[in-house]
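Below is one structure, written out as structure tokens, with a few remarks after it.
Chains as they are written, first to last, in our numbering: chain P, 3 to 213; chain A, 3 to 213.
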């Protein structure tokens, strides 16, 4: 089980400083959609420069123009990029094709995709799936990923989960076989982000020991 | 009927030079998603500065984090912003709320939203709808907006159409009551973009005379 630190609603320098402070406790670093739309690919390049050996995910949320957008972020230094599961299937396929060319990976964001459509997405193999409760659903409706109905995932698909995740929810995601836990504000908005990140790592290690 | 010039896959300076050359023939200028993801809000600010009195649409394609993303683009100078119709309804509502605060407007991008779900979107009033065939569907599957099944739209909703639009398709969109025709490569990739834009304007004027 890996932890992905999601960085959103920061300046690039603030986000890098925060990520640096907790680098030892997180596996992947996510350059959030808000950084990408506010600062463009400069955000991804800055993270690649600051963390030369870390896995960097660019939360592109691609919905169209897949080849162009994927090239942008992989050339800027991303290892993983997101595409929306709600996008046309041609877009998902093209994202995967370009990722393969760059030796990168694709995470399909299942936000607002009804579970009855998962079987269509399962036609795209070799990608990761992200079960996701959005910020707007969290803030407007009090939802979180802990209440997500995580449907069975095809064999061989790595799974991630995102949306209002707390340390307390780690054991349940571990039991449900989730591979990547995406954590944002529970670390970035904590009074002590380093201590918060350490607690996440500790919760995951405990689970590793137990499993 | 208005024409919206969509600018994608350019550097900012190239896009502004192109838009300047055809400014007299187009009504709205769209800062494309690719410019936003490549260069961030600097792209929107540069267009606002270059075209102080023109209506600027920021093709944000927002899917989450609506308040933050809408503030970004309206503060950068956009008049209109897009949100994906496939996003959670809470996101669409928040986009509208922030647009209202800024005196801006929202265009809901219907890309990959099945027509049977339009009635849910119709609960959000005072927005524009964009019937949209994506670049990836055009390039991968040969589709275009001319073959779109444009379902009846609720009263009072302004409609736009995007995706592989040519001069020849203007009369049919006029007949179908479309308010905004979004044109990208038919102008930007033309051998003579000025002549192409002039032909679009002429086609729309002819239709205006006929109607």
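Built from N, CA and C at the ideal position, the CB exists for glycine as well.
- In this structure, DSSP gives residue 157 of chain A a state outside helix and strand, which the three-state scheme calls coil.
- Exclusion of the five residues before and after residue 47 of chain P leaves 78, 79 as the residues of its chain whose Cβ lies within less than 8 Å of its Cβ.
- In the DSSP assignment, residue 133 of chain P is bridged to P:163.
- Following the DSSP letters along the chain, one finds residue 189 of chain A inside the alpha helix (DSSP H) bounded by residues 187-190.
- Listed by position along chain A, the residues whose Cβ is nearer than 7 Å to that of residue 68 of chain P are 138.
- Residues of chain P whose Cβ lies closer than 9 Å to the Cβ of residue 59 of chain A do not exist, since the nearest Cβ in that chain is about 15 Å away.
- Per DSSP, the beta bridge partners of residue 59 of chain P are P:32, P:82.
- Cβ-Cβ distances below 8 Å link residue 145 of chain A to 135, 139, 165, 166 in the same chain, with the five nearest sequence neighbours on each side left out; the list follows chain order.
- Under DSSP, residue 3 of chain A forms no beta bridge with any residue.
- For residue 111 of chain P, the uninterrupted beta strand (DSSP E) segment begins and ends at 107-111.
- Contact annotation for residue 62 of chain A against chain P: 39 [CB-CB distance below 7 Å, chain order].
- Relative to residue 116 of chain A, the option among A:88, A:128, A:142 whose CA is nearest is A:88.
- Under the criterion of beta carbons closer than 8 Å, residue 60 of chain A and residue 97 of chain A do not qualify as touching, at roughly 11 Å.
- A Cβ-Cβ distance of about 5 Å is found for the pair residue 201 of chain A and residue 169 of chain A, placing them in contact under the 8 Å criterion.
- For residue 38 of chain P, the three-state secondary structure derived from DSSP is helix.
- Of all alpha-carbon atoms in P:176, P:129, P:114, the one lying nearest the alpha-carbon of residue 94 of chain P is that of P:129.
- At a cut-off of 7 Å between beta carbons, residue 79 of chain A makes no contact with chain P.
- At a beta-carbon threshold of 8 Å, the residues of chain P lying near residue 143 of chain A are 92, ordered along the chain.
- With respect to the C-alpha of residue 141 of chain P, the residue from A:92, A:31, A:198, A:141 having the closest C-alpha is A:92.
- Between the alpha carbons of residue 190 of chain P and residue 9 of chain P lies a distance of about 7 Å.
- In the assembly as shown, residue 153 of chain A is an exposed residue. Its beta-carbon has fewer than 16 other beta-carbons within 10 Å.
- Annotation: residue 25 of chain A to residue 58 of chain A spans about 12 Å, alpha carbon to alpha carbon.
- DSSP, reduced to helix, strand and coil, places residue 180 of chain P outside both helices and strands of the structure shown, so it counts as coil.
- Taking a Cβ-Cβ cut-off of 9 Å, the neighbours of residue 11 of chain A in chain P comprise 67, 70, given in sequence order.
- Counting along the chain, residue 45 of chain A sits inside the alpha helix (DSSP H) bounded by residues 44-52.
- Think of a sphere of 7 Å around the beta carbon of residue 89 of chain A: the chain P residues whose beta carbon falls inside it are 114, in chain order.
- Going by beta carbons, residue 81 of chain A and residue 106 of chain A fall inside the 7 Å limit.
- Per the coordinates, the alpha-carbon of residue 70 of chain P lies some 31 Å from the alpha-carbon of residue 118 of chain A.
- Residue 64 of chain P has P:85 as its beta-bridge partners, per DSSP.
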